[in-house]
Amino acid sequence: MYRMGKLFKKGIVDLEVTANRLNEESCMNVCRRIWYELGTVYSDILDIKYEKHVKNRLVLTDSAIKKINQYASSSIRYYSKFVESFYVQKKLPEYVCDSFVKPVLLAHLHMARCNNKKLVNQKNVKLDILFQCKKYYQTVVDYCDRDPRLESMIPVELNTCRELLESNASRVDQLLKTHGPVKFYV
């Protein structure tokens with residue numbers, strides 16, 4: 001696991017240097033691929049750290065929490081940059097070209113997942129995270145409802161989004177019923 005993290009970090013440095021050197025306007029498709037890959041790599045590192053600390057129930061140090069949240073935010077930042085590169089008038093257009101529609105929808109799902117893994121100790125911040133996740137899931141569902149052929153492209157992910165939308169409401173209710181201090185809302 002430690003070696004995988006090191007390899008991922010080396011890849012991040014190379015990809016970020018490349019992305020910063022490219023002209024976004026003349027190399028948009030290359031930049032989009034790099035941003036998506038950076039989002040994926042940061043997400044993979046997040047998964048490693050999250051599993052190491054949270055799922056194995058290790059004591060969460062401030063440093064570990066900071067790293068987990070930092071990797072989640074970095075992943076979301078690059079997935080957002082990827083998705084926003086398709087925006088027309090500051091919103092996702094009705095239709096995205098076929099070669100990119102699946103990655104755009106999956107990026108929304110990945111952003112929700114990374115957001116969900118953030119470790120916070122304030123109830124209102126966790127509620128904001130849950131509402132943001134709902135927005136990401138709803139975007140995928142709405143987009144697929146507008147274009148029925150997309151259901152065949154991402155059937156498992158679409159069903160997952162629908163299920164997570166339903167469970168999100170109960171998570172919000174459960175969080176609102178929580179009284180007293182809780183060390184971290186996971």
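Mapping of the sequence shown onto UniProt numbering: position 70 corresponds to residue 70, and the numbering continues sequentially without gaps.
Positions of the beta carbon are idealized from the N, C-alpha and C atoms, including for glycine.
Please read all numbers here as calculations on a predicted model, not as lab measurements.
Review point. Considering only the beta carbon of each residue, do residue 169 and residue 114 sit closer than 8 angstroms?
Key: Cβ atoms of residue 169 and residue 114: not closer than 8 angstroms.
Point to revise | Beta-carbon proximity of residue 172 to residue 119, cut-off 8 angstroms | key: Not a contact, by the Cβ cut-off of 8 angstroms.
Check your understanding: From this set, 96, 27 and 42, which residue's C-alpha is nearest residue 11's C-alpha?
Key -> By alpha-carbon distance to residue 11, the top candidate from 96, 27 and 42 is 42.
Check your understanding: Under a Cβ-count criterion, where at least 16 other Cβ atoms within 10 Å of its own Cβ denotes burial, should residue 133 be classed as buried or exposed?
Key -> So residue 133 ends up on the buried side.
Practice item. Could you tell me the boundaries of the alpha helix (DSSP H) in which residue 27 lies? Key: Unbroken run through residue 27: none, as it is neither H nor E.
Point to revise | Residues of its chain near residue 79, where Cβ-Cβ distance is below 6 angstroms and the 5 sequence neighbours each way are ignored | key: Only 39, 107, 110 and 111 meet the Cβ criterion.
Check your understanding: What residue from 147, 135 and 154 has the CA that sits closest to residue 166's CA?
Key -> Taking only the C-alpha atoms, the option nearest residue 166 is 135.
**Study point:** Residues sharing a beta bridge with residue 88, DSSP
**Key:** DSSP, once it has assigned bridges, lists 91 as partnering residue 88.
Practice item. Measuring alpha carbon to alpha carbon, tell me which of 105, 27 and 49 ends up nearest residue 63. Key: Of the listed residues, the one whose Cα sits closest to residue 63 is 49.
Exercise for review: Would you check if there are 3 or more beta carbon pairs closer than 8 angstroms linking the segment 77–91 to the segment 30–39?
Suggested key: Using a Cβ-Cβ distance cut-off of 8 angstroms, the segment 77–91 and the segment 30–39 are in contact, since at least three pairs of beta carbons, one from each stretch, lie closer than that value.
**Study point:** For residue 104, three-class secondary structure by DSSP
**Key:** Helix, per DSSP.
Point to revise | Distance between residue 99 and residue 23 (C-alpha atoms, nearest Å) | key: In this model, residue 23 and residue 99 are separated by some 22 angstroms (Cα to Cα).
Check your understanding: What three-state label does DSSP hand residue 96 in the structure shown?
Key -> DSSP places residue 96 in coil when its eight states are reduced to three.
Point to revise | Where residue 75 falls, given that 16 or more other Cβ within 10 Å makes a residue buried | key: With 16 or more Cβ atoms within 10 Å of its Cβ, residue 75 is classed as buried.
Point to revise | Residue span of the alpha helix (DSSP H) that contains residue 151, given as start and end | key: Looking at the DSSP string, the run of the alpha helix (DSSP H) that includes residue 151 is 150–153.
Point to revise | Helix, strand or coil at residue 120 [DSSP, three-state] | key: Strand.
Point to revise | Pairwise C-alpha distance: residue 47 and residue 160 | key: Computed Cα separation, rounded: 19 angstroms.
Exercise for review: Take residue 164 and list the residues in its own chain whose beta-carbon comes closer than 6 angstroms to its own, dropping the five residues that flank it on each side.
Suggested key: Only 137 meet the Cβ criterion.
Review point. Cα separation between residue 96 and residue 153?
Key: Residue 96 and residue 153 have their C-alpha atoms roughly 14 angstroms apart.
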